[in-house]
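Chemist: Going by UniProt numbering, the first residue of the sequence shown is number 1, and it counts up by one from there.
Quick reminder that beta carbons are idealized off the backbone N, C-alpha and C, glycines included.
It should be emphasised that the depicted structure is a prediction, and the values quoted were computed from it without experimental measurement.
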Amino acid sequence: MQYLFPQYYKKFKCTGSACPSTCCAGWKIQIDPASLKKYRKMPGAFGSRLRNEIDWENGCFRQYGGKCTLLNEEGLCDLYLEGGGEGALCRACHIFPRHVEEFQGVREYSLSLSCPEAAELILSGQAPAKLLKTRRPGTPEKYPEFDSDLFRTLRAARRLMFRLLQNRQKPWRLRAAVVLALAHDLQQRLDRHAEAAAGELFRRYSSPGVWDWFAVRLERERPGRRAGMPNSLMEILKELKPLRESWEPYLQNAQNSLQQEPAPEEKKELEILFTDTMAEQLMVYFLYVYFCGAVYDRKAYGKVKFAAASTVIIRELLRAGWRQSLGRLPEHAAAVTACRYARETEHLDENLNRMESMLEDENRFSLKQFMGIL
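#1: Which partner residues of Gln188 appear in the DSSP bridge assignment?
#2: Are the region 145-154 and the region 305-319 touching, with three or more C-beta to C-beta distances below 8 Å?
#3: Expressed to the nearest angstrom, what Euclidean distance is found between the alpha-carbon atoms of Arg107 and Arg189?
#4: Could you tell me which residues DSSP puts in a beta bridge with Ile54?
#5: Quick one: measure Cβ to Cβ for Cys68 and Ile29, integer angstroms, because I've assumed they're closer than 8 Å.
#6: What is the DSSP secondary structure of Pro43, reduced to helix, strand or coil?
#7: Do the region 277-296 and the region 85-103 make contact, defined as three or more Cβ pairs closer than 8 Å?
#8: Suppose the cutoff is 7 Å on Cβ atoms and the five residues either side in sequence are ignored; what does the same chain contact list for Leu150 look like?
#9: Give the single residue among Met355, Tyr341, Phe365 and Glu356 whose Cα lies nearest to the Cα of Pro116.
#10: Can you find at least 3 beta carbon pairs, one from the region 263-280 and one from the region 159-179, that sit closer than 8 Å?
#11: Given a cut-off of 7 Å on the beta-carbon distance, is the pair residue 400 and Ile314 in contact?
#12: State whether the region 250-270 contacts the region 313-328, with contact taken as three or more CB pairs (one from each stretch) at a distance under 8 Å.
#13: What is the DSSP secondary structure of Cys339, counted as helix, strand or coil?
#14: Just to check my reading of the structure: Leu50 and Leu79 have Cβ atoms closer than 8 Å, yes? What is that Cβ distance to the nearest angstrom?
#15: Leaving out the 5 sequence neighbours to the left and right, which residues in its chain are closer than 6 Å to residue 377 when beta-carbon positions are compared?
#16: Which runs of the alpha helix (DSSP H) fall wholly inside the region 135-184 and span at least 4 residues, in chain order?
#17: By the three-class DSSP mapping on this structure, what secondary structure does Gln249 have?
#18: Just to confirm before moving on: does the CB-CB distance between Leu367 and His193 stay below 7 Å?
#19: With H, G and I counted as helix, E and B as strand and the rest as coil, what does DSSP make of Cys77?
#20: Expressed to the nearest angstrom, what Euclidean distance is found between the alpha-carbon atoms of Arg354 and Cys14?
#21: Does the Cβ of Ser112 have 16 or more other Cβ atoms within 10 Å, making it buried, or fewer, making it exposed?
#22: Taking 8 Å as the cut-off, does the region 54-70 touch the region 129-144 (at least 3 CB pairs, one atom from each stretch)?
#23: Name the DSSP beta bridge partners of Ser110, please?
#24: Can you tell which of Trp56, Val284 and Ala45 has the C-alpha that lies nearest to the C-alpha of Met161?
#25: Beta-carbon separation of Ala300 and Leu186 under 7 Å?
#26: For Thr311, which option in Pro137, Leu180, Leu243 and Val210 has the closest C-alpha, if you only look at C-alpha atoms?
#27: Which one of Gly105, Leu174, Glu350 and Tyr9 has the shortest CA to CA distance from Pro144?
#28: Are Ala335 and Phe274 closer than 7 Å when you measure CB to CB?
#29: Go through its chain and collect everything with a Cβ distance to Met371's Cβ below 6 Å, but skip five positions before and after it.
#30: Starting from Leu4, follow the beta strand (DSSP E) in both directions and report where the run begins and ends.
#31: Evaluate the contact criterion for the region 345-365 versus the region 237-247: three or more CB pairs, one atom per stretch, below 8 Å.
#32: Can you tell which of Trp211, Ser114 and Glu265 has its C-alpha closest to the C-alpha of residue 384?
#33: When you compare only the Cα positions, how much space is there between Ser148 and Gly327?
#34: For my contact list, Leu174 and Phe214 are in at a C-beta cut-off of 8 Å; report their separation, rounded to the angstrom.
#35: Where does Cys23 sit, in a helix, a strand or coil, going by DSSP?
#36: Give me the residue from Tyr8, Glu266 and Leu270 with the minimum Cα distance to Ala127.
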């Protein structure tokens, strides 16, 4: 078995009660069957309390005021403190914010952007993100109808996308445009089941001339010619299922702010708050977590659109926050904004699938339109 994880993965340490946005609030924590079985048998007074704090019908911990009832006043977990430490936690609590994508013979581990500490690790990194690999003995689990050839093609495409995105001699806008175009052309081959011809495509996008060609094309789609697409991206978010009560008013306030005229110093200030390196790290993160999932649905272009759209949305939400605060955003505002966005999109498959599906609409979100908002 092969295991992959980003170089910052093992640097993560939970900040516990100091966390500005605890993972024990804002959503229902589902309990895996093995933990439910263990909790039924937990002895003593705490075992009795624990059983009362579980919604057995829905298999989750009960909530009070939007928080897990086992979260104490100090912001710590009573199950961890009184139930026996880390071994007492259910699978969801034990692994978060760690996340795993499973493929035949491969497990890809990541940290979730929805954790404030993980978001800070991802966005504060100055070095290009690297994937570390390790192998462990064992027989890979077989996945019915798993297309190994397609998976190899997708991994090769993702490696090329990472190289393109991490070419810091070019502005992020140009790098993202080239990656979107690569995904667009790859999707045409996937639709014809001609992924065997992807090698020629990868060679073409690896050539030095690709930068000059797209620089000219991108110049024709300067940011001033956006035609309302940022507003369309915000409208997509409004069509998702809100997971927190504060999300819908937050979105509406952001949208209202973005309709205001920009201040003269806004562009310069935003370049400091949201750098090209941050945009690179975000898009690499989204591609790492989601792109190879196209082995199951063949929708590679949609996943790259999602990565680009998510990066742009986080930037625009940060822009809205800057306007609302009259230019007084705190130093870590980008990580806070990314975390808030991820909590609403990444933790409900329904929202992820809905967003990707809407982004597939070429009338609203074409390659040309994307190039105008990068």
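Modeler: Put simply:
#1: On the sequence shown, position 188 is the one that residue 188 refers to. According to DSSP, Gln188 bridges with nothing at all.
#2: no
#3: Counted from its first residue, the sequence shown places residue 107 at position 107. Counted from its first residue, the sequence shown places residue 189 at position 189. Whole-angstrom Cα-Cα distance: 26 Å.
#4: The residue you call residue 54 lines up with position 54 of the sequence shown. BP columns for Ile54 point to Phe61.
#5: By 1-based counting over the sequence shown, the position of residue 68 is 68. By 1-based counting over the sequence shown, the position of residue 29 is 29. Between Cys68 and Ile29 a beta carbon distance of about 6 Å is seen, short of the 8 Å cut, so the two are scored as contacting.
#6: As a first step, residue 43 is located in the sequence shown; it is residue number 43 there, counting from the start. Note: Pro43 maps to coil in three-state DSSP.
#7: yes
#8: Taking the sequence shown and counting its residues from 1, one reaches residue 150 at position 150. The answer, listed in chain order, is Glu195 and Val295.
#9: Translated into the one-based positions of the sequence shown, residue 116 becomes position 116. Taking only the C-alpha atoms, the option nearest Pro116 is Tyr341.
#10: yes
#11: An answer regarding residue 400 cannot be provided, because it is not within the stretch 1 to 374 covered by the chain.
#12: yes
#13: Position 339 of the sequence shown, counted from the first residue, corresponds to residue 339. Cys339 falls in the helix class under three-state DSSP.
#14: Locating residue 50 in the sequence shown gives position 50, where the first residue counts as 1. Locating residue 79 in the sequence shown gives position 79, where the first residue counts as 1. About 7 Å separates the two Cβ atoms, so the contact holds.
#15: This structure gives no information on residue 377, because the portion of the chain shown stretches from 1 to 374.
#16: 148-165
#17: To locate residue 249, count along the sequence shown from 1; it is residue 249. Just to set this straight, residue 249 is Pro in the shown sequence, not Gln. Of the three classes helix, strand and coil, the one that applies to Pro249 here is helix, per DSSP.
#18: Counting from one through the sequence shown, the residue named residue 367 turns up at place 367. Counting from one through the sequence shown, the residue named residue 193 turns up at place 193. For Leu367 and His193, no; Cβs fall outside 7 Å.
#19: Translated into the one-based positions of the sequence shown, residue 77 becomes position 77. Correct three-state label for Cys77: strand.
#20: Position 354 of the sequence shown, counted from the start, is the residue given in the question as residue 354. Position 14 of the sequence shown, counted from the start, is the residue given in the question as residue 14. Between Arg354 and Cys14, the C-alpha separation is close to 31 Å.
#21: What you label residue 112 is simply residue 112 of the sequence shown in a count that begins at 1. Label assigned to Ser112: buried.
#22: no
#23: In the sequence shown, counting from the first residue as 1, residue 110 sits at position 110. Paired residue(s): His99.
#24: Here residue 161 refers to the residue found at position 161 of the sequence shown. Closest by alpha carbon: Val284.
#25: In the sequence shown, the residue the question calls residue 300 occupies position 300. In the sequence shown, the residue the question calls residue 186 occupies position 186. Yes. Within cutoff.
#26: As a working mapping, residue 311 is identified with position 311 in the sequence shown. When only C-alpha atoms are compared, the closest one is Leu180.
#27: Taking the sequence shown and counting its residues from 1, the one referred to as residue 144 is at position 144. Out of Gly105, Leu174, Glu350 and Tyr9, Gly105 has the C-alpha closest to the C-alpha of Pro144.
#28: The residue labelled residue 335 in the question sits at position 335 within the sequence shown. The residue labelled residue 274 in the question sits at position 274 within the sequence shown. Contact flag unset, no.
#29: Against the sequence shown, residue 371 aligns to sequence position 371. Contacts found: Ala177, Leu218 and Glu221.
#30: Along the sequence shown, one-based indexing puts residue 4 at 4. The continuous beta strand (DSSP E) containing Leu4 extends over residues Gln2 to Pro6.
#31: yes
#32: It is not possible to answer for residue 384, since the shown part of the chain is limited to 1 through 374.
#33: Against the sequence shown, residue 148 aligns to sequence position 148. Against the sequence shown, residue 327 aligns to sequence position 327. Answer to the nearest angstrom: the Cα atoms are 50 Å apart.
#34: For the purposes of this step, residue 174 is taken as the residue at position 174 of the sequence shown. For the purposes of this step, residue 214 is taken as the residue at position 214 of the sequence shown. Confirmed, Cβ separation roughly 6 Å.
#35: Sequence index remark: in the sequence shown, residue 23 carries index 23 (1-based). Coil at Cys23, not helix or strand.
#36: On the sequence shown, position 127 is the one that residue 127 refers to. It is Tyr8 whose Cα lies nearest to the Cα of Ala127.
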